[in-house]
Each structure stands twice: as C-alpha cells, then as structure tokens.
Amino acid sequence: MIINHLLLKLQDRTTASIAQTKGILLSMEGRIEVLRKIRVETDIRHGASSYDLMLITGFASMADFDTYLIHPVHQEVSAYVGNVVAAAASVCYES
C-alpha cells in the first residue's frame, strides 16, 4: 500500500478554521474510487513549529496515487487548501 502524509500549517490557525479545513479534507472520503484510506489528525501541541493538520491517505499503487492527484474532487479540495495554507510538507512511502 502507498501511504501519503501531508502536513498543513494554516494561515488562520484558529480552531474554527482548522475544523473547517479538516471537514473539507474528509469530504473526499467515498468520492474518489482509488482512495482506500483517509484520516485527518489535528495537532494538540500548538507550538510555533507545529503543523495544524495531518492528512493521511492510502492507495493500492503509485498509479492510483497519481490518479487521485488529478481527480476532480481532489483538485477542488486542493484549490481550497492552496488558498488557506501557509506551509505544507509531505512524505509518501510504501507500507
């Protein structure tokens, strides 16, 4: 399985903004056929170096991950995230 972790630090780091972004990320569940796993975790430390959210997604193959990246639902969510994110980092690995 291919696992991708995406860390997001939001421009607006309020609880409401974090909750809204988490909901938008989770809205992909069940709407993208190649997306086998989705989970969103919220930071509890709230330090200056902390990221606010971690999106964890799972796919059967790299080809499925590539399909996910261009899927219209992902593109819509990605456009939203692009407007609210201050910084992002990701790790993709095989499990």
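Going by the UniProt record's numbering, the letters in the sequence shown line up with residues 1 to 95, in that order.
Every residue gets a Cβ at the ideal spot worked out from N, C-alpha and C, and that includes glycine.
Since this is a predicted model, take the numbers as computed values, not measurements.
**Message:** Helix, strand or coil for residue 5? Go by DSSP, reduced to three states.
**Reply:** Strand at residue 5.
Note to self: For residue 73, list the residues DSSP reports as bridge partners.
What the structure shows: As DSSP reads the structure, residue 73 sits in no beta bridge.
Please specify which runs of the beta strand (DSSP E), each continuous and at least 3 residues long, are wholly inside the UniProt domain "Stress-response A/B barrel" (2-93), giving them in chain order. You should have 2-10, 37-42, 53-59.
Quiz item: Pick from 78, 35, 88, 13: whose alpha carbon is nearest that of residue 24?
Solution: Ranking the options by Cα distance to residue 24, first place goes to 78.
Practice task
Using 10 angstroms around the beta-carbon of residue 8, count the other beta-carbons present and answer buried if the total reaches 16, otherwise exposed.
Solution key: Buried, since its Cβ has 16 or more Cβ neighbours within 10 Å.
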